[in-house]
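Trainee: The structure's right below; bear with me while I get my questions together.
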Amino acid sequence: MVYYAGVDLGATNVRAVVGDDEGTTIGRSRNATPRGPTGIDVTEGVLETLRAACVDAGVDPEEIVAVGIGSIGPFDLAEGAVIDPANLPDSIDRIPLTGPIEKLVDSDEVYLHNDTNAGVIGERFHASRNPDDMVYITISSGIGAGVCCDGEIIGGWDGNAGEVGHCVVDPRGRLTCGCGHDGHWEAYCSGNAIPDYARLLAEDDPTISTGLPLEDPDFTARDVFELAGDDELADYVIDQLAHWNAIGVANVVHSFAPIVISFGGAVALHNEELVVDPIRERVSEMVMSNVPEIRVTDLGDDVVLEGALASAMTRGTGDRRRLRG
1478 MVYYAGVDLG
1488 ATNVRAVVGD
1498 DEGTTIGRSR
1508 NATPRGPTGI
1518 DVTEGVLETL
1528 RAACVDAGVD
1538 PEEIVAVGIG
1548 SIGPFDLAEG
1558 AVIDPANLPD
1568 SIDRIPLTGP
1578 IEKLVDSDEV
1588 YLHNDTNAGV
1598 IGERFHASRN
1608 PDDMVYITIS
1618 SGIGAGVCCD
1628 GEIIGGWDGN
1638 AGEVGHCVVD
1648 PRGRLTCGCG
1658 HDGHWEAYCS
1668 GNAIPDYARL
1678 LAEDDPTIST
1688 GLPLEDPDFT
1698 ARDVFELAGD
1708 DELADYVIDQ
1718 LAHWNAIGVA
1728 NVVHSFAPIV
1738 ISFGGAVALH
1748 NEELVVDPIR
1758 ERVSEMVMSN
1768 VPEIRVTDLG
1778 DDVVLEGALA
1788 SAMTRGTGDR
1798 RRLRG
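Its first residue numbered 1478, the sequence shown is counted upward by one per residue in this note's numbering.
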């Protein structure tokens, strides 16, 4: 029997699965992502989680022939490490991943991807047509994309391609992104940004009535979506989000010509009718090329983890033609 493993390193949790030669999960584990004090502590947390998944599967780590990793970034691919992750304490400047996992499983087949590229690998692997041209977009606390173009997963020379959330959608730059630059897609439509955008729109037109708790420090994007249909400002915010989202998706379509765009992330998954459906309705008016199928992932919150496992099984590609015989 041949065994594979997938690892999902997020800012909140580390998850790992072990699968058999058919991709059936036979072991899994989940732990909170260590908060430091150093990157080595995070590495140890990843290794502990992978070991626990092996125990759950009844498999020795040395029996794993390949491992896929979907991780927060950014990366130093030459070192197989995460560098200066934005959503972990500042004391964590480097998280070695590839080398320590290679030692644990005694294999040099360890494939490191950012989380959105792991997402597109998972979507490609599990799609009925296994398409060579598709994009996975996450709309969550941030916005990013994994791209498969002409059968190749686009990682970029440093592993950091696909940062579509940092494309400019508003040249006026009325909102500043978490990265420090103005007018980015993520600055308007990510889960973290929506409250500030709602406040900005309320300031633009104080006559709009609202029950949104704009001054409450605990005001979140969820409040906006929960009042949809019952609150004038909430409806206006959602309409404007649809505008910026459609511009962002149109840019992705013109850049990569995907056959399918699949959405994930908490904002999209929990609000499909209010977030994804309006994109479907508007994108066709903005693109001059073929309009892709626009859908929501069937893999839910497991899309990155499933993609990591699929990467291990297909040599980093998600292409079922590259499954080991």
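Every residue, glycine too, gets a C-beta built ideally from N, C-alpha and C. This structure is a prediction, so every number in the text was calculated from the model and none was measured.
Kindly indicate which residue of Gly1632, Ile1671, Tyr1665 and Asn1722 has the alpha-carbon position closest to the one of Ser1548.
Mentor: Counting from one through the sequence shown, the residue named residue 1548 turns up at place 71. Ranking the options by Cα distance to Ser1548, first place goes to Gly1632.
Trainee: Expressed to the nearest angstrom, what Euclidean distance is found between the alpha-carbon atoms of Asp1695 and Thr1593?
Mentor: Here the question's residue 1695 lines up with position 218 in the sequence shown. Here the question's residue 1593 lines up with position 116 in the sequence shown. Distance between the alpha carbons of Asp1695 and Thr1593: 28 Å.
Trainee: Taking only the alpha-carbon atoms, compute the straight-line gap between Phe1702 and Asp1693 and give it to the nearest angstrom.
Mentor: As a position in the sequence shown, residue 1702 is number 225, starting the count at 1. As a position in the sequence shown, residue 1693 is number 216, starting the count at 1. Taking the straight line joining both Cα atoms gives about 16 Å.
Trainee: Pick helix, strand or coil for Ile1444, following the three-state DSSP scheme.
Mentor: Nothing can be reported for residue 1444, as the shown portion of the chain is limited to 1478 through 1802.
Trainee: When the Cα atoms are used, what is the spatial distance from Leu1589 to Asp1682?
Mentor: Position 112 of the sequence shown, counted from the start, is the residue given in the question as residue 1589. Position 205 of the sequence shown, counted from the start, is the residue given in the question as residue 1682. Between Leu1589 and Asp1682, the C-alpha separation is close to 47 Å.
Trainee: Have a look at the DSSP bridge pairing and note the partners of Leu1589.
Mentor: Taking the sequence shown and counting its residues from 1, one reaches residue 1589 at position 112. In DSSP, Leu1589 forms a bridge with Ile1546.
Trainee: Give me, in chain order, the residues of the same chain whose beta-carbon lies closer than 6 Å to that of Arg1797; leave out the 5 immediate sequence neighbours on both sides.
Mentor: Taking the sequence shown and counting its residues from 1, the one referred to as residue 1797 is at position 320. Excluding sequence neighbours, Arg1797 sits near Asn1607.
Trainee: May I have a chain-ordered list of the beta strand (DSSP E) segments no shorter than 3 residues that lie completely inside the segment 1484-1536?
Mentor: For the segment 1484-1536, whole beta strand (DSSP E) runs of length 3 or above, ordered along the chain, are 1490-1496 and 1502-1509.
Trainee: Look at Gly1619 and Gly1650 and say whether their C-beta atoms are less than 8 Å apart.
Mentor: For this step, residue 1619 is matched to residue 142 along the sequence shown. For this step, residue 1650 is matched to residue 173 along the sequence shown. Cβ atoms of Gly1619 and Gly1650: not closer than 8 Å.
Trainee: Kindly indicate the opening and closing residues of the alpha helix (DSSP H) around Glu1750.
Mentor: Sequence index remark: in the sequence shown, residue 1750 carries index 273 (1-based). Run containing Glu1750: Glu1749 to Val1760, per the alpha helix (DSSP H) assignment.
Trainee: Please go through the same chain and pick out, in chain order, the residues whose beta-carbon is closer than 7 Å to the beta-carbon of Pro1769, but skip the five residues on each side of it.
Mentor: Here the question's residue 1769 lines up with position 292 in the sequence shown. Only Val1730, Pro1735, Ile1736, Val1737 and Ile1738 meet the Cβ criterion.
Trainee: Quick check on the DSSP output: what are the complete alpha helix (DSSP H) runs of length 4 or more inside the segment 1647-1732, in order along the chain?
Mentor: Within the segment 1647-1732, the complete alpha helix (DSSP H) runs of at least 4 residues are 1662-1666, 1671-1681 and 1698-1703.
Trainee: Measure the beta-carbon distance from Val1494 to Ile1546 and round it to whole angstroms, keeping in mind my assumption that it falls under 8 Å.
Mentor: Here residue 1494 is taken as the residue at index 17 of the sequence shown, counted from 1. Here residue 1546 is taken as the residue at index 69 of the sequence shown, counted from 1. 12 Å between Cβ atoms; not a contact.
Trainee: Under the rule that 16 or more other beta-carbon atoms within 10 Å means buried, what is Gly1599, buried or exposed?
Mentor: As a working mapping, residue 1599 is identified with position 122 in the sequence shown. Buried: at least 16 other Cβ atoms inside 10 Å.
Trainee: Considering only their Cβ atoms, is the gap separating Leu1678 from Val1714 smaller than 8 Å?
Mentor: On the sequence shown, residue 1714 is found 237 positions in, with the first residue counted as 1. On the sequence shown, residue 1678 is found 201 positions in, with the first residue counted as 1. Yes, these two residues count as a Cβ contact at 8 Å.
Trainee: What does DSSP give as the partner residues of Cys1626 in its beta bridges?
Mentor: As a working note, residue 1626 is residue 149 in the sequence shown. Paired residues: Glu1629.
Trainee: Over what stretch of residues does the beta strand (DSSP E) that includes Ala1558 continue unbroken?
Mentor: The count along the sequence shown starts at 1 and reaches residue 1558 at position 81. Here the beta strand (DSSP E) through Ala1558 covers Ala1558 to Ile1560.
Trainee: Can you tell me which residues form a DSSP beta bridge with Val1737?
Mentor: To locate residue 1737, count along the sequence shown from 1; it is residue 260. DSSP, once it has assigned bridges, lists Met1611 and Glu1770 as partnering Val1737.
Trainee: What does the alpha-carbon distance come out to for the pair Leu1704 and Gly1668?
Mentor: Walking along the sequence shown from the start, residue 1704 turns up at place 227. Walking along the sequence shown from the start, residue 1668 turns up at place 191. About 16 Å.
Trainee: From the DSSP secondary-structure annotation, give me the bridge partner or partners of Asp1553.
Mentor: In the sequence shown, the residue the question calls residue 1553 occupies position 76. For Asp1553, which the question treats as bridged, DSSP gives the partners Ala1558.
Trainee: Would you please state the rounded distance, in angstroms, between the beta carbons of Leu1574 and Gly1636? I believe it to be under 8 Å.
Mentor: Position 97 of the sequence shown, counted from the first residue, corresponds to residue 1574. Position 159 of the sequence shown, counted from the first residue, corresponds to residue 1636. Not confirmed; about 11 Å, so no contact.
Trainee: Ordered along the chain, which non-local residues of its own chain (more than five positions away) have a Cβ less than 6 Å from that of Val1491?
Mentor: Position 14 of the sequence shown, counting from 1, holds the residue named residue 1491. Excluding positions up to five away in sequence, the list reads Asn1508, Thr1510, Gly1522, Val1523 and Thr1526.
Trainee: Report the three-state DSSP secondary structure of Ala1789 (helix, strand or coil).
Mentor: Taking the first residue of the sequence shown as position 1, residue 1789 is located at position 312. Of the three classes helix, strand and coil, the one that applies to Ala1789 here is helix, per DSSP.
Trainee: Kindly indicate which three-state DSSP category Gly1645 falls into: helix, strand or coil?
Mentor: Counted from its first residue, the sequence shown places residue 1645 at position 168. The question names Gly, but residue 1645 is Val in the sequence shown. Val1645: strand per DSSP, three-state reduction.
Trainee: Have a look at Leu1652, Asn1748 and Cys1644 and flag the residue whose alpha-carbon is nearest the alpha-carbon of Ala1727.
Mentor: Position 250 of the sequence shown, counted from the first residue, corresponds to residue 1727. Taking only the C-alpha atoms, the option nearest Ala1727 is Cys1644.
Trainee: With distances taken from CA atoms, which of Glu1539, Phe1740 and Trp1721 is nearest Met1763?
Mentor: Position 286 of the sequence shown holds residue 1763. With distances taken between Cα atoms, Met1763 lies closest to Trp1721.
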